[in-house]
Structure formats: structure tokens, C-alpha cells
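Asker: The structure that follows is given in the form of C-alpha cells.
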Amino acid sequence: MKIFIPTESFQKWQHLLVEPNLHSKEGHSAMTLARSWEAAAMGFPPEVKAAFEKSGSPLLTGLAPLLAVPEFQVPLPVEVRLSQTDVLALARGKEGLVAMVVEGKVDETFGPTLREKRIESPHGFNERQILQYLELPPSIPQTIRYQFLHRTASALIVARQFDAKAAVMLVHSFSPANKGFSDFEAFAGLFNAEPQIGRIVSAGIFEGMPLFLGWCAGDPRFRAGNDAGESGKL
388 MKIFIPTESF QKWQHLLVEP NLHSKEGHSA MTLARSWEAA AMGFPPEVKA AFEKSGSPLL
448 TGLAPLLAVP EFQVPLPVEV RLSQTDVLAL ARGKEGLVAM VVEGKVDETF GPTLREKRIE
508 SPHGFNERQI LQYLELPPSI PQTIRYQFLH RTASALIVAR QFDAKAAVML VHSFSPANKG
568 FSDFEAFAGL FNAEPQIGRI VSAGIFEGMP LFLGWCAGDP RFRAGNDAGE SGKL
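Under this note's numbering, the letters of the sequence shown match residues 388 to 621, in that order.
Encoded structure:
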């Protein structure tokens, strides 16, 4: 069992980071995402809500957010280390519960490609299990960013843990140029999905669990630190 304590401001997210002094900085993704979600008061950030509504799926429209957990850790089938997602959000719609993992970005990359990951850990990395979990062949391009694979696996794992009706992996980007979107497009293409900025799209059904992928552009004022003042609560 995991016990969580509600946050009172975006500053409270800092101590949850693996390396707080390194990652919690002005203009970086951790602080920017925290500001955005804390300022959302009783709902999702507007651009996240809009991305759900534009999906056109009855599973994702009209969602009411229930809770958001910063820096939620998910055990993966392939790694000893936990996958730490920036935000886990649960929401309820007409069709039932939806579980979403959120990856916040500003101008950071999405980490190493599969090829680079192999070079970094030649004796301790094997993507075979995670590819099997995502029903992907071992022949996928080695230029795919590994972070997309384990974040998407996390979405499916969490959705099953909470007996949700759908799983969502969302990139919440605060990059003015949507840096990294081409990498995201390449990843989504593995599932024959065609992502659009500001919309969540279907990526298929995995052992009965619908999976959706999305990318939305965040409000730039949170990157600059011009947040809305007092935080609200989901």
C-alpha cells in the first residue's frame, strides 16, 4: 500500500524528485509542470482537458479528474529500477475510470534511443520484455526513444492496477517549438497512430485495455514562473 500526502503548492513537488537540486529549476520541466498542474484548481490544465475532448472517444470525453499524484513510481516488468512518471492522474467519465501518466517537457530530450541505451548498459539492458508487453516486434527502429516505451508501459500497468477502462500516455510540453515531437511521432507510428499536437489519439487495444497517446502544448507563463498565484487542488 502507498500513502500519499496532498501538496499545498508547486514547491512541495521538489522533494519528490530523484535529484531535487538538479531537476527543480526555473524554466525546467519539473518546476514548470508543477506550476501548471497546481494552478489548475479543480480540474485539468485547460490544454489537457481540450486534448481529451478533441479525442472524439467516449472513453475520454467529459472526464472529471479525481486526483493527481506527482512523481508516481511504477514497477516495470523488465527493470529492477522503478519508472518514475511526472504525474499520475485518475479521472472518471461516463464509461468509467481513466488512468493517465504525464511526461512533462520543456527543452529537454526524451533521453537515450534504444541503440544508445544498449551502449550505456551493454550487460544490463534487454528491451525484449518491454517490447513484448507493448506487443511490438524486436525489429523496431533503434532510433526510438526508450523513455516512450517505459512510460507507455507504465500507463498500461497503472490502468490495470486501478481497473480502469482506458490508459493514456500524455506528453505535456512547454517547448515553444514542441521540441521532440518528431521523436514522439516516430514512436506513435509503431502503433499506426498519427499524433496531433493538442489531441489524444488511439494507439490500439492491449489485452482488452484501450491505449491512447497524446501531446499537448502547455501555457508558457508557467515556464517563466508567472503562475496563477495560489494553487488549487484536484
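A virtual CB, placed ideally from N, CA and C, is assigned to each residue, including glycine.
Which first and last residues belong to the beta strand (DSSP E) in which aspartate 606 is found?
Answerer: First-last for aspartate 606: undefined, no H or E at that position.
Asker: Beta-carbon within less than 7 Å of glycine 591's beta-carbon, same chain only, minus the 5 sequence neighbours each way: which residues are those?
Answerer: Phe578, Leu598
Asker: Output yes or no for whether 8 Å exceeds the beta carbon distance between arginine 610 and valine 493.
Answerer: yes
Asker: Going by C-alpha to C-alpha distance, which of Phe568, Gln529, Leu521 sits closest to leucine 501?
Answerer: Leucine 501 has its Cα closest to that of Gln529, out of Phe568, Gln529, Leu521.
Asker: Between which two residues does the alpha helix (DSSP H) carrying isoleucine 587 extend?
Answerer: Isoleucine 587 -> not in any alpha helix (DSSP H); beta strand (DSSP E) instead, spanning 586–593.
Asker: Taking leucine 469 as the reference, give the member of Thr539, Ala476, Phe459 with the closest Cα.
Answerer: Phe459
Asker: Roughly how many whole angstroms lie between the Cα atoms of tryptophan 424 and glycine 595?
Answerer: When rounded, the distance between both Cα atoms is 30 Å.
Asker: Within 10 angstroms of its Cβ, does methionine 429 collect 16 or more other Cβ (buried), or is it exposed?
Answerer: exposed
Asker: Do you know how far the Cα of proline 433 is from the Cα of arginine 373?
Answerer: What is shown of the chain runs 388 to 621, which leaves residue 373 out entirely.
Asker: Count the C-beta pairs between the stretch 534–546 and the stretch 519–526 that are closer than 8 Å, then say yes if the count reaches three, no if not.
Answerer: yes
Asker: Could you give the DSSP three-state label for leucine 409: helix, strand or coil?
Answerer: Because leucine 409 carries a pLDDT of 45, less than 50, the predicted location of this residue cannot be relied on, and no value is offered for it.
Asker: Going along the chain, which unbroken runs of the beta strand (DSSP E) with 3 or more residues stay wholly within the stretch 502–582?
Answerer: 553–560
Asker: Can you tell me the Cα-Cα spacing of leucine 450 and serine 589, whole angstroms?
Answerer: Rounded to the nearest whole angstrom, the C-alpha separation of leucine 450 and serine 589 is 16 Å.
Asker: What runs of the beta strand (DSSP E), each 3 residues or longer, lie entirely inside the stretch 446–485?
Answerer: 451–461, 470–480
Asker: So who's on the other strand from methionine 418, going by DSSP bridges?
Answerer: None, per the DSSP bridge assignment.
Asker: Helix, strand or coil for isoleucine 390, going by three-state DSSP, please let me know.
Answerer: coil
Asker: Use the C-beta contact count for arginine 532: other C-beta atoms within 10 angstroms, 16 or more gives buried, fewer gives exposed.
Answerer: buried
Asker: Once you ignore the five residues that flank phenylalanine 549 on each side, which residues in its own chain have a CB closer than 8 Å to its CB?
Answerer: Leu477, Leu484, Ala486
Asker: With respect to the alpha helix (DSSP H) encompassing proline 499, which residues constitute its N-terminal and C-terminal limits?
Answerer: Here proline 499 belongs to no alpha helix (DSSP H), and DSSP marks it neither H nor E.
Asker: Using CA coordinates, which residue listed in Ala437, Arg479, Gln471, Pro452 is at the minimum distance from alanine 361?
Answerer: In the structure as shown, the chain begins at 388 and stops at 621. Residue 361 is therefore absent and cannot be evaluated.
Asker: Could you say which of Ala580, Lys566, Ser562, Ala564 lies nearest to methionine 556 if we only look at CA atoms?
Answerer: Ala580
Asker: According to DSSP, lysine 492 sits in a beta bridge with which residue or residues?
Answerer: Ser560
Asker: Isoleucine 390 to valine 456, Cα distance in whole Å?
Answerer: 11 Å
Asker: Phenylalanine 439 lies in the alpha helix (DSSP H); which residues open and close that run?
Answerer: 433–440
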